[in-house]
Amino acid sequence: MTPAALGIVLLPVLLFLAGLMLMDSYKLVAGGVVLRAVAAGVVAALLALLVNLLALRAGISARLLQGVVAPAIEETLKALYVVYLMRTDRVGFTVDAGIQGFAVGAGFALLENLYYALTLPEPNPMLWLARGLGTAVMHGCATALVGIVSKDLADRHGTAALRWFAPGLAIAIVTHAAFNLLTTHAFVSVAVMLVGMPLLLVGAFERSEQATREWLGTGLDADVELLELILSGEISGTRAGRYLESLKHRFPGPVVADMLCLLQIHLELSLRAKGMLIARAAGLDVPMDRDAKANLKEMKYLERSIGPTGRIAILPLRRAHGRDLWQIRMMQKR
């Protein structure tokens, strides 16, 4: 594969990645985040190359490696970065899970195609071009599906437990294995990848955009209602107030007061974060003001003040997980 052919192979993949970012109307994924995901894909490709070579030296046949072992190894290595992102609350929606997953796959394909271009013969330029493009799209879409399916399952069950990554990873491995088995029908496999996988991703993105709008609507209403109750002093008659009252039997009064302050600040920051997302969708980039920065500092102080046990006790009210933690992280990066 010549350098020009390599560029032709990778350019559509990078353009598709850029298109996915443009579809992200809420601007959930910054350029630097995408570059880190691409770099993670390059690292995954290096590790996969090493493991595959060790597998061949261990006596595994090339056919078994290509059809079964390599897809499992490569998709698992690519998925590790997606697992890291989700389990550290750096992904809020299936849109950003899909974009970062595709970026990981693009980075993997970049190194893999470069390796093939340098080490394998080039008997048929058109065949190489088709195969290289199909490989790049397959790697990107397969890891994007891991992110999309895993994030959807994690949201439904309220936890990013490792078991919820298994279905998406299984789909990616099967897709990869099927693509490898069609090496004798390269143009057919490429056509399927170029038509089917992007359509699947676009459908998933449209669904996620709808989920984002719904979350913003219901989340705003819930946050405003609870914040108004706190500010008006009427929270004592609510379930949240009764829960805080019950904590007085387990924590000193000043600690419970700090818990209430922490809850109020969390709600204020949550409302600001949702407002920033809505502004982004309208094409506006709203900078974070001094009050928000002061709230972030005070939130960190209060978290230290109430201690680990207090933070656990207030979790039912604070909803400090998943998208709620993600939106606070988003503000901290501003």
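Letter by letter, the sequence shown follows residues 2 to 335 in this note's numbering.
Quick reminder that beta carbons are idealized off the backbone N, C-alpha and C, glycines included.
Gly141 sits in a helix when the DSSP states are folded into three classes.
Exclusion of the five residues before and after Leu227 leaves Ala241 and Leu268 as the residues of its chain whose Cβ lies within less than 7 Å of its Cβ.
For Ile315, the secondary structure class from DSSP, reduced to helix, strand or coil, is coil.
With respect to the C-alpha of Val193, the residue from Thr136, Ala46 and Gly102 having the closest C-alpha is Thr136. Buried is the label assigned to Lys152, since at least 16 other Cβ atoms lie within 10 Å of its Cβ. In the structure shown, Thr77 adopts helical secondary structure according to DSSP, grouped into three states.
For Leu119, the number of other beta carbons within 10 angstroms of its own is below 16, and it is reported as exposed.
Using a 10 angstroms sphere on the CB of Tyr302, the tally of other CB atoms stays under 16, which defines it as exposed. Non-local beta-carbon contacts of Arg273 in its own chain, meaning distances under 6 Å to residues more than five positions away in sequence, involve Ala293 in chain order. Measuring C-alpha to C-alpha distances from Asp290 to each of Ala283, Met277 and Arg251 identifies Met277 as the nearest.
In the DSSP assignment, Asp259 falls within the unbroken alpha helix (DSSP H) covering Gly254 to Ala282. Ala145 sits close to Gly102, with the two beta carbons spaced by under 8 Å. Here Val39 has Ala104, Val105, Ala107, Gly108 and Leu111 as same chain residues with Cβ atoms under 8 Å from its own Cβ, once five neighbours each way along the sequence are excluded.
For Asn114, the closest alpha carbon among the candidates Leu134, Pro168, Gly238 and Leu18 is that of Leu134. Leu263 and Glu304 do touch by the CB rule: their CB atoms are close to 7 Å apart, below 8 Å. When DSSP states are grouped into helix, strand and coil, Asp292 belongs to the helix group. For Ala173, same chain residues with a beta-carbon under 6 Å away, outside a window of 5 residues either side, are Glu76, Ala143, Leu146 and Val147 in chain order. A contact between stretches requires three or more CB pairs, one per stretch, nearer than 8 Å, and the stretch 160-178 meets this requirement with the stretch 65-82. Assignment of His158 by DSSP, reduced to helix, strand and coil, places it in the helix class.
Ranking His158, Gln211, Leu50 and Ala41 by CA distance to the CA of Ala282 puts Gln211 first. For Leu55, the uninterrupted alpha helix (DSSP H) segment begins and ends at Gly32 to Arg58.
Note that the C-beta distance between Met22 and Val35 is below 8 Å. Taken through DSSP and simplified to helix, strand or coil, Asp153 comes out as helix. Considering only Gly141, Asp97 and Arg243, the residue with the shortest C-alpha distance to Leu195 is Gly141.
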